[in-house]
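To start, the structure under review is shown below, and the notes come after it.
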Amino acid sequence: MDSRNGNISHDALEIDSGEKRLNELGYKQELRREMTLFKTLAITFSSMAVFTGTPLYGPSLRYAGPASLIWGWVVVTFFTWFVGIAMAEICSSFPTTGSLYFWAAHLSGPTWGPFASWCCAWLETIGCISGIGAQAYSGSQTLQMIILLSTGTNKGGGYFASRTVFLAMYVCLTIIWAILNTFSLQVIAFLDVISIWWQIIGGLVVIIMLPLVARPTQPFSYVFTHFEMSPESTGVSSIPYAVILSVLLSNYSLYGYDTAAHLTEETKGADRIGPVAILSSIGIISVFGWAYNLALTFSIKDPDYLYDLSNETGGALVPAQIIYDAFHGRFQSSTGAVVFLCIIWGSFFFCGLSVTTSAARVVYALSRDNGLPFSQIWRRVHPKYKVPRNAVWLCAVICITLGLPILKVDVIFTAIISISTIGWVGGYAVPIFARLVMNEKNFKPGPFYLGRARRPICLVAFLWICYTCSAFLLPTLYPIQWSTFNYAPIALGLALTLILLWWFLDARKWFKGPVRNIDMQNRY
């Protein structure tokens, strides 16, 4: 690049490659560009988290047994690489905070760009904000188990947090993440550097130590070949249906890598570092996540006892019971189990912190382009810390509202993760499909370029996303009752209907997608 610009000034040569590309796309640099590869990777890695699938492990195991769960992770990982590679190429060409919806607008062309970016932006916003709720719920559930085992277990008179206390923990976590995100991104980056070491070291401790403590462990034949359905408890008697539901754990755990794209306006050399962070996060999480599932499965003592409502954890969190059985069986103490659960809780804490960071950037980017009501409020950047504080607190308030049904609804977590996954992963589909069908001459590649491979890669990625979103719309328990109903299809259907009505009745008249501001004065 420098060799073709030998006649321009030294200052121009010093401009960051990501900022230069941002200016070419019509945006001025407003956020502070100070993130390195390691810090970007740390936040992206934290958004995915090693232990993120912990709450879904029990249901997934029950649907079709260990073999389906373990090999399902491998299959999902394989297809996730197609999605990640497709997104890495687009990120390299469009290193902007708006990421997915910005990509959708530019890749879809002037005719379809505004509508594509509108749909993508709202899917992404719904997915990211509900993703905060998913981590807040997971963290609260793990904390509920820590308190229970620390005070005597379910059998020994331990304290099992009520729905009200559970909701209070959910709200407190959300507020803490919002407070931390109101400071400079350097604070979040520092905490996420701690997070990556916490998750790598803590993950290794749990993955290696748990099977050693649990000896004798389950045989390889049980872990890798045993298939067992539980129609009496799940109501699912179809083998293909059971396998699809058992793989939801993997579908839910292996996304969030687009966080690197949300941080590109704050990352040095983002057109190169963004794709590297996306692909590195997928590689690390796929290996660590599979190893964690293997460690849990090898360490199972009595599969049926895991779901007994009278067991030491009240049948509320299967991995907690597995860990408790291992330590109590060897040391007649729950202390080790509490320590391991604290490691897992820390993972959820850091993950929720990173997802809040990502969600706020999505809201900021959309409001910068006037895509939200009262956009002038949500797009304001703090003059000192250079972070979108108002967007952070908007995300927190909506997340808390999503958690209120905890007081009455039993399947709130199923609904939250379904909404999060469909919104978040569904947002991936729009730019990938646009990249699939666009004329190649209209695409300006970045340093990471697929060339002729982009069509087959984008096609597989798009079809996989469609399957994933469809799977999370399915009922998870039969017979369908109010207490077991997955209301995600209704909630999403209502939200998307309102968003589309807004588009056709009003927004199409004024929303034109990403708004160039390179020539505008900074009024915020």
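Here this note's numbering runs 42 ahead of the position in the sequence shown, where the first position is 1.
Heads up, the beta-carbon is just placed ideally off N, CA and C, and yes, glycines get one too.
Inter-residue spacing [alpha-carbon to alpha-carbon] between Ser110 and Phe269: As a first step, residue 110 must be located in the sequence shown, where it is residue number 68. As a first step, residue 269 must be located in the sequence shown, where it is residue number 227. Answer to the nearest angstrom: the Cα atoms are 7 Å apart.
Local conformation of Thr339 per DSSP, three classes: For the purposes of this step, residue 339 is identified with residue 297 of the sequence shown, where counting begins at 1. Looking at Thr339 - three-state DSSP - the assignment turns out to be helix.
Pro101 - containing alpha helix (DSSP H), residue span: The sequence position of residue 101 within the sequence shown is 59, counting from 1. Note, Pro101: alpha helix (DSSP H), 96-135.
Exposure of Val439, with buried meaning 16 or more beta-carbon neighbours within 10 Å: Along the sequence shown, one-based indexing puts residue 439 at 397. The residue in question, Val439, is exposed, as its Cβ has fewer than 16 Cβ neighbours within 10 Å.
For Thr309, three-class secondary structure by DSSP: Here the question's residue 309 lines up with position 267 in the sequence shown. Of the three classes helix, strand and coil, the one that applies to Thr309 here is strand, per DSSP.
Alpha-carbon spacing of Leu478 relative to Leu395, whole angstroms: For the purposes of this step, residue 478 is taken as the residue at position 436 of the sequence shown. For the purposes of this step, residue 395 is taken as the residue at position 353 of the sequence shown. Answer to the nearest angstrom: the Cα atoms are 33 Å apart.
Per-residue burial, Met562 [other beta carbons within 10 Å of its own, 16 or more giving buried]: Your numbering for residue 562 matches position 520 in the sequence shown. Low local confidence applies: a pLDDT of 41 at Met562 is under 50, so the model's placement there is unreliable, with the coordinate-based value given in what follows. Met562 is exposed by the Cβ-count criterion.
Contact check, Tyr366 vs Ser376, beta carbons under 8 Å: In the sequence shown, the residue the question calls residue 366 occupies position 324. In the sequence shown, the residue the question calls residue 376 occupies position 334. Yes.
Which of helix, strand or coil DSSP assigns to Ile522: In the sequence shown, residue 522 corresponds to position 480, counting from 1. Looking at Ile522 - three-state DSSP - the assignment turns out to be coil, as it is neither helix nor strand.
Between the CA atoms of Val289 and Thr301 - distance to the nearest angstrom: Indexing the sequence shown from 1 puts residue 301 at position 259. Indexing the sequence shown from 1 puts residue 289 at position 247. So the alpha carbons of these two residues sit roughly 23 Å apart.
Where Tyr187 falls: helix, strand or coil (DSSP): Against the sequence shown, residue 187 aligns to sequence position 145. It is Met, not Tyr, that sits at residue 187 in the sequence shown. Met187: helix per DSSP, three-state reduction.
Residue from Cys133, Gly371, Ile458, Trp160 with nearest C-alpha to Thr309: Numbered from 1 along the sequence shown, position 267 holds the residue referred to as residue 309. Per the Cα distances, Cys133.
Other residues of its chain near Asp350: CB distance less than 6 Å, five sequence neighbours each side excluded: As a working note, residue 350 is residue 308 in the sequence shown. Once the five neighbours on either side are set aside, the close Cβ partners of Asp350 are Gly357.
Beta-carbon contacts of Pro165 that lie in its chain and below 6 Å, excluding the five residues immediately before and after: Here the question's residue 165 lines up with position 123 in the sequence shown. Correcting the residue identity first, residue 165 is Leu in this sequence and not Pro. Result list for Leu165: Gly465, Gly468, Gly469, in chain order.
Through-space distance from Lys197 to Pro253, alpha-carbon basis: Along the sequence shown, one-based indexing puts residue 253 at 211. Along the sequence shown, one-based indexing puts residue 197 at 155. C-alpha separation (whole angstroms): 24 Å.
DSSP three-state assignment for Gly200, whether helix, strand or coil: Residue mapping note: residue 200 aligns to position 158 of the sequence shown, counting from 1. Three-state DSSP puts Gly200 in coil, outside helix and strand.
Where the alpha helix (DSSP H) containing Asp300 begins and where it ends: Residue 300 sits at position 258 when you count from the first residue of the sequence shown. It is not in any alpha helix (DSSP H) - Asp300 carries neither H nor E in the DSSP assignment.
Cα-Cα separation, Ser204 to Ile236: By one-based count along the sequence shown, residue 204 stands at place 162. By one-based count along the sequence shown, residue 236 stands at place 194. For Ser204 and Ile236, the distance between alpha carbons rounds to 32 Å.
The stretch 178-195 in contact with the stretch 214-227 per 3-pair CB rule at 8 Å: With the cut-off at 8 Å, the stretch 178-195 and the stretch 214-227 touch.
Sub-8 Å separation of Ala130 and Ala146 beta-carbons: Taking the first residue of the sequence shown as 1, we reach residue 130 at position 88. Taking the first residue of the sequence shown as 1, we reach residue 146 at position 104. Not a contact, by the Cβ cut-off of 8 Å.
Supposed close pair Ser462, Gly169 - CB separation, criterion 8 Å: By one-based count along the sequence shown, residue 462 stands at place 420. By one-based count along the sequence shown, residue 169 stands at place 127. Indeed, because the Cβ distance is near 5 Å, the residues count as touching under 8 Å.
Exposure of Pro152, with buried meaning 16 or more beta-carbon neighbours within 10 Å: Translated into positions along the sequence shown, residue 152 becomes position 110. Classification of Pro152: exposed, given that the 10 Å Cβ count is below 16.
Assigned secondary structure, Met480 (DSSP; H/G/I helix, E/B strand, else coil): One-based indexing of the sequence shown puts residue 480 at position 438. Correct three-state label for Met480: coil.
Pro261, buried or exposed, once every other Cβ within 10 Å from all chains shown has been counted against 16: Counting from 1 along the sequence shown, the entry for residue 261 is found at position 219. In this structure Pro261 is exposed. Its beta-carbon is surrounded by fewer than 16 other beta-carbon atoms within 10 angstroms.
Beta-carbon proximity check, Leu83 vs Ser328, cutoff 8 Å: To locate residue 83, count along the sequence shown from 1; it is residue 41. To locate residue 328, count along the sequence shown from 1; it is residue 286. No, the pair does not count as a contact, with Cβ atoms beyond the cut-off.
Closer than 7 Å: Ala256 CB and nearest the ligand FAD heavy atom: No copy of the ligand FAD occurs in the structure displayed, which carries no ligand at all.
Asn49, DSSP secondary structure in three states: Here residue 49 corresponds to residue number 7 of the sequence shown, with the count starting at 1. Any reading at Asn49 must be qualified, since the residue scores a pLDDT of 46, below 50, and its modelled position is unreliable; no value is offered.
Cut-off 6 Å between Cβ atoms - residues of its own chain near Ala319, not counting five sequence neighbours on either side: The count along the sequence shown starts at 1 and reaches residue 319 at position 277. Same-chain partners within the cutoff: Thr82, Leu83, Thr86, Ala302.
Integer-rounded CB distance, given that Ala407 should sit under 8 Å from Gln570: The chain is shown only over 43 to 566; residue 570 falls outside these bounds and no answer can be derived.
Which listed residue (Ala503, Val248, Gln523) has its alpha carbon closest to that of Phe93: Counting from 1 along the sequence shown, the entry for residue 93 is found at position 51. Ranking Ala503, Val248, Gln523 by Cα distance to Phe93 puts Val248 first.
C-beta contact flag for Tyr105 and Met271 at 8 Å: By 1-based counting over the sequence shown, the position of residue 105 is 63. By 1-based counting over the sequence shown, the position of residue 271 is 229. Yes. Within cutoff.
Distance between Leu519 and Asp452 (C-alpha atoms, nearest Å): What you label residue 452 is simply residue 410 of the sequence shown in a count that begins at 1. What you label residue 519 is simply residue 477 of the sequence shown in a count that begins at 1. So the two alpha carbons sit approximately 12 Å from each other.
Own chain, CB closer than 6 Å to Leu348, minus 5 neighbours either side, in chain order: Taking the first residue of the sequence shown as 1, we reach residue 348 at position 306. Within the same chain, Leu348 has close Cβ partners Val360, Gln363.
Integer Cβ distance of Thr306 from Pro108, believed to fall under 8 Å: The count along the sequence shown starts at 1 and reaches residue 306 at position 264. The count along the sequence shown starts at 1 and reaches residue 108 at position 66. Between Pro108 and Thr306 the Cβ distance is about 39 Å, and since that is not below 8 Å, they are no contact.
Cβ-based burial, Tyr509 [other Cβ within 10 Å; buried from 16]: For the purposes of this step, residue 509 is taken as residue 467 along the sequence shown, with counting starting at 1. When all chains shown are included, Tyr509 counts as exposed.
Same chain, Cβ closer than 8 Å to Pro521, five either side skipped, listed in chain order: Along the sequence shown, read from residue 1 onward, the residue named residue 521 stands at position 479. The answer, listed in chain order, is Gly277.
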